[in-house]
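Down below is the structure, laid out as structure tokens.
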Amino acid sequence: MSQTVWNFSAGPAVLPRPVLEQAAAEMLDWHGSGMSVMEMSHRGPQFMQILQEALDDFRELMAVPLTHKILFMQGGAIGQNAIVPLNLLQGHESAAFVKSGSWSSKTIKEFARYGRADVVADAREIKDSSGLRPANTYVPAIAPGSIPAGSAYLHYCSNETIDGVEFRQAPDMPSLGCASVPLVADASSNILSRPMDVAAHGLIYGGAQKNIGPAGLTFVIIREDLLDRARPDCPSAFSYRQVYDNHSMYNTPPTYSIYIAGLVFKWLKAQGGVAAMAEINRRKAQLLYDTIDGSGLYINRVRPSDRSLMNVPFMLREEALNTEFLSLAAERGLLQLKGHKSVGGMRASIYNAMPLAGVEALVDFMLTFEKERA
Ligand SMILES: *Cc1c(COP(=O)(O)O)cnc(C)c1O
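To convert, note that position 231 of the sequence shown is 230 in numbering that gives the first Met the number 0; the numbers rise steadily by one, no gaps.
Right, here's the structure in full:
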């Protein structure tokens, strides 16, 4: 089957075509078992093998050190906004937060139900050398000494999916004077897009539906000593300790999502792993940002050093052309380019599974559209 559409959805998002083809071929009969993976007991030997390989491959791809455990859970990243405080707040009244966009703001709001949220950096509107920089268009700096010593953790969102703002580096806790405060990242939309210093984090979590697999699966990478900081009212199914002790099967896991994620991990390994993906991702994003910056019609207002390599929001200077842009793009098979309602304009999400050819097709369309309409 030839490629007929390019899917730029922010999530659930495009999956590697060879993965979908393999899943289709194995749909009715997984490896001679006579069953679909969906029909298997999660405690049977076949699914146990699928789960173990997925955990092992994820660990290998992310170079997760043995100090850290990998959990597969449910409830999404939004669920983790409550699950993280329920698991880490024992003995603490507060946590510290970097507010860099829509998703970190949501995390802070939910946290307020459990403790005092100290916002130690906030990407509000500022004046800088480029003029007026709008809110949520840059990674705000954390002033050394601003993180209260008693904080349960420092939370940041490594890639703001809606605003298109990405941290190139994780906050450096030792240089901020709080090496003992665990660093927590929502990495839903840039996990596996590039190497990440897992050891510098106490906890990394995210939903799978951006850069891993189908919706329904949530990953958690957690340093072992943080398994035992839960508040007594933490639900058992969401207790990191319970989930870990039960091999991510305290309750029935999302088996089919784990199976597809496992196929994606194997596909990633065959591509050369995360370092190889990072190189391709850089080229894809560069091509798109160069096109935007070189045009008189398209605009991206994120500070260039903080632009996301995964989610590229852009506006049309003539907003009246938005609808036409989207409908002509769809005619060319360029789908799901409408921006998030809170930001407007367009957004192209170019996760691992989006090949360079898809970005080239988008850029080609953008140039033609500008020439003909603007
Ligand atoms: C998509 C997304 C979420 C929400 O994930 P759910 O699985 O819907 O809970 C949270 N944070 C980030 C960074 C996201 O991209």
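C-beta atoms are modelled at their ideal positions from N, C-alpha and C, and glycine is treated no differently. In this text, all values refer to a predicted model and were calculated from it rather than measured experimentally.
8 Å contact criterion, which residue i and residue j should meet: CB distance rounded
i: TYR152; j: LEU87; result: 6 Å
i: GLY201; j: PRO181; result: 3 Å
i: PRO139; j: VAL197; result: Not quite, the Cβ-Cβ distance comes to about 23 Å (not below 8 Å), so this is no contact.
i: VAL183; j: ILE146; result: With a Cβ gap of about 12 Å, VAL183 and ILE146 do not count as contacting.
i: ILE107; j: ALA95; result: The pair is not a contact, with the Cβ atoms about 10 Å apart (cut-off 8 Å).
i: MET309; j: ILE259; result: At roughly 19 Å, the Cβ-Cβ gap does not stay under 8 Å, so MET309 and ILE259 are not in contact.
i: LEU286; j: GLU317; result: LEU286 to GLU317, Cβ: 23 Å. No contact.
i: GLY215; j: GLN73; result: 7 Å
i: PHE71; j: SER294; result: Wrong, their Cβ atoms sit about 42 Å apart, outside the cutoff.
i: TYR243; j: LEU225; result: Not confirmed; about 10 Å, so no contact.
Alpha-carbon spacing of residue i relative to residue j, whole angstroms
i: ILE141; j: ASP162; result: 19 Å
i: PHE110; j: ALA22; result: 38 Å
i: ALA376; j: ASP232; result: In the structure as shown, the chain begins at 0 and stops at 373. Residue 376 is therefore absent and cannot be evaluated.
i: ARG240; j: VAL219; result: 12 Å
i: ALA207; j: PRO213; result: 6 Å
i: LEU267; j: LEU60; result: 8 Å
i: ILE77; j: ALA236; result: 16 Å
i: CYS156; j: ASP56; result: 24 Å
i: THR322; j: MET314; result: 12 Å
i: ALA356; j: LEU191; result: 20 Å
i: ALA12; j: ASN6; result: 7 Å
i: GLY130; j: GLU124; result: 11 Å
i: ALA300; j: ASP185; result: It should be pointed out that residue 300 corresponds to Arg in this sequence rather than to Ala. Between ARG300 and ASP185, the C-alpha separation is close to 23 Å.
i: HIS91; j: GLN335; result: 43 Å
i: HIS339; j: SER104; result: 15 Å
i: GLU379; j: LEU14; result: Here the chain has residues from 0 to 373 only, and residue 379 is not among them.
i: LEU325; j: ILE203; result: 35 Å
i: GLY261; j: LYS370; result: 44 Å
i: PHE166; j: THR290; result: 22 Å
i: LYS209; j: PHE364; result: 24 Å
i: ALA360; j: LEU333; result: 8 Å
i: SER174; j: THR3; result: 49 Å
i: ARG58; j: GLN79; result: 20 Å
i: SER40; j: HIS67; result: 28 Å
i: ARG193; j: ALA62; result: 11 Å
i: ALA284; j: SER32; result: 42 Å
i: TYR137; j: ASN158; result: 11 Å
i: ARG16; j: TYR249; result: 32 Å
i: ASP292; j: GLU278; result: 21 Å
i: ILE298; j: ASP28; result: 49 Å
When the options are compared against residue i, the one with the closest alpha-carbon
i: SER128; options: ASN321, LEU336, PRO303, ALA284; result: PRO303
i: LEU65; options: LYS126, GLU223, HIS154; result: GLU223
i: VAL83; options: THR217, GLU25, VAL13; result: THR217
i: PRO170; options: HIS154, PHE71, TYR288; result: HIS154
i: GLN89; options: TRP102, TYR113, GLY75, ASN80; result: TYR113
i: PHE178; options: ALA134, GLN73, PRO143, ALA329; result: This sequence places Ala at residue 178; Phe is not what is there. Residue PRO143 is the option with its Cα nearest to ALA178.
i: ALA81; options: PRO17, THR160, GLY205; result: GLY205
i: ARG282; options: ILE211, VAL358, LYS337, ALA269; result: VAL358
i: PRO307; options: ASN189, ILE221, GLY215; result: One detail in the question is off: residue 307 reads as Ser in this sequence, not Pro. Closest option to SER307, Cα to Cα, is ASN189.
i: GLY10; options: GLY344, THR160, GLY343, ASP289; result: THR160
i: ILE221; options: ALA122, PRO354, SER238, PRO234; result: SER238
i: SER341; options: PHE71, PRO312, ASP227; result: PRO312
i: SER99; options: LEU366, ALA134, THR3; result: ALA134
i: PHE368; options: PRO354, GLU330, GLY343; result: GLU330
i: GLN168; options: ILE298, MET195, LEU175; result: MET195
> Any chance the region 35-49 sits against the region 263-276, with 3 or more Cβ pairs inside 8 Å?
Replying inline: Because the criterion of three Cβ pairs below 8 Å is not met, the region 35-49 and the region 263-276 do not touch.
>> With three or more C-beta pairs closer than 8 Å as the rule, is the region 245-256 touching the region 31-43?
In response: yes
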